[in-house]
Amino acid sequence: MSSKLFPPPQNEQQPAAARLAGAAAPKRGREGCWRTLEEQAEDPVFQERLYNEFPSEVEAITDPVARRTFLKLMGASLALAGVTACTRQPPEKIVPYVRQPEELIPGTPLFFATAMALGGVATGLLVESHEGRPTKIEGNPLHPGSLGASDVFAQAAILSLYDPDRSQTLINIGEIRPWSAFLGAIRAALGAQAPLNGAGLRILTESVNSPTLAAQIRDALARYPSAKWHQWDPASRDNARAGAKLAFGDYADAQYRLDRADVILALDADFLGCGPGSLRYAKDFSARRRPEQADRMNRLYAVETMPSSTGSRADHRLPAKPSEIDAIARAIASAVAGGTSATPAAQPPSQGFGEPRRSSPDQPASGGGPFRAAVQKWIDAVAKDLLAHRGRSLVVAGDHQPATVHALAHAMNAALGNAGQTVVYTQPVEAEPVDQLASLRDLVADMNGGKVDVLLIVGGNPVYTSPADLKFADALNKVQLRAHLSLYDDETSALCHWQIPEAHFLETWSDARGHDGTVSIVQPLIAPLYGGRSAHELIATLSDRPERSAYDLVRDFWKVDPKDDSAWRRWLHDGVMPNTAFEPKEVRLKPDATNAGFQSGIDNQSAIRNPQSAMSASFEIAFRNDPCVLDGRFANNGWENQSQEQTRLDRRRARTNHQRRRRAPLSRAHDSRRSVPGRRSP
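Using this note's numbering, the first residue of the sequence shown is number 115, and each one after it goes up by one.
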């Protein structure tokens with residue numbers, strides 16, 4: 115090809131070295147750094163080719179600030195910025211084992227038995243630990259309350275241990291102070307209370323089931339006779355306690371033997387999903403639901419206001435408003451007391467109770483009963499089945515039901531001969547069973563009256579969880595010395611003079627009782643991450659030996675022999691103390707409780723007795739503990755927030771129900787479950 119047709123560029127005819135020799139002094143934009151001779155000569159042809167080859171990178175390549183220079187400057191600036199924010203970390207000595215323990219092998223987990231107290235009841239746990247740090251929580255197979263199972267709160271407790279939002283320092287009115295400063299302040303306050311016998315001293319706790327902690331509080335009350343101990347737990351069982359006292363005249367806990375029950379009636383009770391002994395009850399209940407043992411399968415009736423774990427497992431489920439539960443319970447109790455069903459002419463359904471195709475819930479009962487036809491049919495079948503299984507049936511009332519419903523459940527169990535068979539009564543697990551709402555009201559009244567000078571709040575967040583009409587926050591500001599022990603810096607901590615970080619149950623020593631009274635030693639698996647204090651150490655400040663540790667307090671209470679602690683080691687290994695479960699307690703129904711349960715009937719009860727008034731377009735709101743975050747104390751736990759709640763909604767049903775409610779807001783479909791295979795409906 116002729117060079118005349120395609121002459122080469124003028125700059126390319128001269129070698130780059132020659133052009134470089136005759137070129138002017140290069141610019142020092144790159145401080146003498148260059149990659150090629152063409153770049154150093156700043157050849158325009160080279161610049162054009164560079165742009166065509168890397169159009170997006172040419173600016174970075176030709177930038178006078180080199181990448182290396184930029185990184186050096188940024189690294190230096192970040193290092194200098196970090197110097198001003200540095201804080202001296204505590205010294206940590208890494209010392210190898212001179213004689214490494216035989217059981218400690220890197221990568222091999224160790225397991226320790228402990229317990230977690232929640233709502234006044236402890237659950238036995240088995241915690242997995244790697245190199246001194248707990249990593250996984252499961253149930254303790256040797257504990258009668260868990261039998262190797264665990265609930266959502268125990269599983270997620272490991273995440274709360276490492277929560278960076280936990281309270282990390284002891285604060286006094288916004289300033290970080292040492293523990294010795296708090297001891298000095300509490301000593302001065304107690305010195306002023308000594309001549310008054312502690313008239314201005316108050317202790318506010320949640321439900322206490324620790325024998326050691328209860329003994330400490332009683333010792334403090336003996337030291338200051340005029341002081342008072344108050345309890346408030348928003349997830350408490352006040353109604354269950356009141357129902358037992360209404361029925362028996364004294365507090366008592368019901369222990370259910372589901373492995374012996376053939377027929378079970380749950381009155382808005384989710385005993386398989388939550389509450390004391392739910393893990394044990396779920397295991398006993400499931401043992402009687404095996405299809406290969408059809409002759410031993412139990413049958414479960416559930417009437418409830420919202421979906422629950424128990425209702426989802428029920429053979430026959432009746433949805434009802436909260437105000438209707440009491441009337442249904444009274445109708446069943448009346449039928450059980452009379453030994454016959456409320457309407458003998460009613461026949462048991464063959465394909466589930468309250469089936470809309472067979473019987474409309476809005477149609478009154480043909481026998482002239484006070485309930486709708488479907489509801490009356492359900493009540494008749496339940497009463498008949500309970501009477502057919504005397505001594506092998508069980509009636510359970512939900513914790514949030516009023517005291518009258520609990521009294522009715524106790525009365526029905528007594529009339530059916532279930533007491534001592536499928537239900538056993540024991541003394542309460544809580545160390546001091548009281549009406550907690552009334553106790554909190556008394557405390558607020560004393561604070562408003564200027565009778566409280568020193569208030570120790572052990573756990574909880576009463577400013578947030580107390581009823582709004584009490585105005586607890588306003589009353590709290592009238593106390594001269596306020597101290598709060600808590601895991602988080604919450605609403606109550608913000609109004610207290612002293613905010614004391616609380617040790618996690620995996621960081622401290624304690625003891626706790628299970629639902630049947632079995633005692634477990636709570637042992638730590640790790641040192642307190644943020645220097646937290648336990649409830650034992652806080653209450654110890656009221657004694658003459660405030661420096662005692664939780665470990666010493668627990669061992670002294672159980673009188674452990676320092677020369678022979680083999681029993682103590684066995685308790686720690688097994689996670690339970692043998693022979694500490696409560697013995698059955700003999701209870702008798704009060705005559706007036708029986709009359710209230712069986713004779714009053716349903717004359718002044720809810721609108722369910724009137725089919726027309728039941729058609730009113732009214733809604734009822736039921737407030738329940740959240741199955742994941744409980745009363746809100748686990749709201750900062752990511753695992754709990756990701757857990758799914760019990761529901762029957764899906765997209766199709768939500769849309770259908772909305773349209774149905776818009777067309778006929780009075781209709782209510784009574785859902786039911788099919789019969790258990792191998793068992794006939796009554």
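The C-beta atom is built at its ideal place from N, Cα and C for all residues, glycine as well.
Check	Outcome
Helix, strand or coil: how does DSSP classify Val266 here?	helix
Nearest to Gly564 by CA position, among Arg738, Leu590 and Val577, is which residue?	Leu590
Going by DSSP, which residues form a beta bridge with Phe225?	Glu242
Whole beta strand (DSSP E) runs in the stretch 340–369 with 3 or more residues, listed along the chain?	342–345
Do you know how far the Cα of Asp333 is from the Cα of Pro660?	13 Å
Quick one: which unbroken beta strand (DSSP E) runs of 3-plus residues sit fully inside the stretch 617–643? Chain order, please.	624–627 and 633–636
Report yes if the C-beta distance between Trp799 and Thr579 is below 9 Å; otherwise report no.	Shown here, the chain extends from 115 to 796; a query on residue 799 therefore has no answer.
Assuming Val568 and Gln307 make a contact with CB atoms under 8 Å, what is their CB distance in whole Å?	6 Å
By Cβ distance below 6 Å, which residues in the same chain neighbour Glu754 in space, the five residues on each side in sequence not counted?	Ala270, Cys742, Val743 and Phe748
If you count every other CB in all the chains shown that lies within 10 Å of the CB of Leu188, and 16 or more means buried, which is it?	One detail in the question is off: residue 188 reads as Met in this sequence, not Leu. Per the 10 Å Cβ criterion, exposed.
So for Gln161, helix, strand or coil by DSSP?	helix
Given a threshold of 16 other Cβ atoms within 10 Å of its Cβ, counted over all protein chains shown, does Ala236 qualify as buried or as exposed?	buried
Skipping 5 residues on each side, what residues in its chain have a beta carbon closer than 7 Å to that of Phe226?	Val241, Ser243, Gln637 and Leu639
Please go through the same chain and pick out, in chain order, the residues whose beta-carbon is closer than 6 Å to the beta-carbon of Leu570, but skip the five residues on each side of it.	Ile317 and Ala597
So, helix, strand or coil for Gln613, using DSSP?	strand
Out of curiosity, what's the CA-to-CA distance linking Pro692 and Leu652?	29 Å
Between which two residues does the alpha helix (DSSP H) holding Leu304 run?	Trp293 to Gln307
Quick check on DSSP: helix, strand or coil for Ser191?	helix
What does DSSP give as the partner residue(s) for Val538 in the beta ladder?	Gln369
Among the candidates Asn750, Glu759, Gln760 and Arg738, whose CA atom is the shortest distance from the CA of Ala349?	Arg738
Tell me which residue opens and which closes the alpha helix (DSSP H) that Ser648 is part of.	From DSSP, Ser648 is part of no alpha helix (DSSP H); its letter is neither H nor E.
Assess contact between the stretch 246–257 and the stretch 362–380, defined as three or more Cβ pairs (one per stretch) separated by less than 8 Å. Is contact present?	no
Which ranges would you report for the beta strand (DSSP E) in the stretch 522–569 if only whole runs of at least 3 residues count?	537–540
Taking the alpha-carbon positions, what's the Tyr552 to Pro255 distance?	Contrary to the premise, residue 552 reads as Ala rather than Tyr in this sequence. Going from the Cα of Ala552 to the Cα of Pro255 covers about 38 Å.
Going by other Cβ atoms of all chains shown within 10 Å of its Cβ, with 16 needed for buried, is Arg769 buried or exposed?	Low local confidence applies: a pLDDT of 47 at Arg769 is under 50, so the model's placement there is unreliable, with the coordinate-based value given in what follows. Its Cβ having fewer than 16 others within 10 Å, Arg769 is exposed.
For Asp212, name the three-state secondary structure that DSSP assigns.	With the sequence shown as reference, residue 212 is identified as Val, and Asp is not the correct amino acid for it. If DSSP states are grouped into helix, strand and coil, Val212 belongs with coil.
How should Ile272 be labelled, buried or exposed, when 16 other C-beta atoms within 10 angstroms of its C-beta is the threshold for buried?	buried
Taking the alpha carbon of Pro339 as the reference point, which residue from Leu360, Gly531, Tyr370 and Leu304 has its own alpha carbon closest?	Leu304
Any beta carbon of chain D sitting closer than 9 Å to that of Leu500?	Of the chains in the structure shown, none is chain D; there is only one protein chain.
Could you say if the stretch 407–420 and the stretch 381–399 meet the contact criterion of at least three C-beta pairs nearer than 8 Å?	yes
Pull up the distance between the alpha-carbon of Lys498 and that of Gln490, whole angstroms please.	12 Å
Quick one: residues in its chain with C-beta nearer than 6 Å to the C-beta of Gly253, no 5 flanking neighbours on either side, listed in chain order?	Ser260, Gly262, Ala263 and Ser264
Do Ala231 and Ser648 have their beta-carbon atoms positioned less than 9 Å apart in this structure?	no
For Arg504 and Asn532, I'd like the C-alpha separation in whole angstroms.	7 Å
In whole angstroms, give me the CA-to-CA distance for Pro462 and Arg486.	Reliability of the predicted coordinates at Pro462 is poor, the pLDDT of 34 falling under 50, and the value obtained from them is presented with this limitation in mind. Each residue's Cα considered, the two are about 15 Å apart.
Rank Ala375, Glu406, Glu621 and Trp672 by C-alpha distance to the C-alpha of Gly534 and give the top, closest one.	Ala375
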